[in-house]
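Notes for the one structure printed next.
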Amino acid sequence: MLKIAHRGAKGYAPENTLFAFQKAIDLGCDAIELDVHLSLEGELVVIHDEKINRTTNGTGFVNQLLTKELKTFLIDEKHEIPTLKEILDITDRKCIVNI
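Numbering of the sequence shown is given in this note's numbering, commencing with residue 52 and proceeding in unit increments.
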């Protein structure tokens, strides 16, 4: 049986943050599950909803904001919205990534 961290280690950190995914890896997950959306310039960012309203201190649609703008809105007042590249960099093939 695989241990899959849905949106990271949500019991330890806010969903879909670098910290949540790193914690899941540290806890020995076999896989992480995440959702991606395209920013205005076409970069894949890791966020479940098409709008940033629920999980960040900002408002608006992901696809109407540049990545640098998305990075200014925080999850739980301290975590940036990660890019898919940032997540893949920390997984470094240590686990399966389900997108």
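Every residue, glycine too, gets a C-beta built ideally from N, C-alpha and C.
Model, not experiment: these values are computed from the prediction.
Take the alpha-carbon of Glu131 and the one of Met52: they are about 32 Å apart.
Per DSSP, Glu84 lies in no alpha helix (DSSP H) segment; the continuous beta strand (DSSP E) that holds it begins and ends at Ala82 to Glu84. Counting other Cβ atoms within 10 Å of its Cβ, Glu128 stays below 16 and is therefore classed as exposed. Nearest to Ser90 by alpha-carbon distance, out of Tyr63, Ala56 and Asp100, is Asp100. Taking the CA atoms as reference points, Gly62 sits about 25 Å from Val113. Arg58 is the residue among His88, Phe124 and Arg58 whose C-alpha sits nearest the C-alpha of Cys80.
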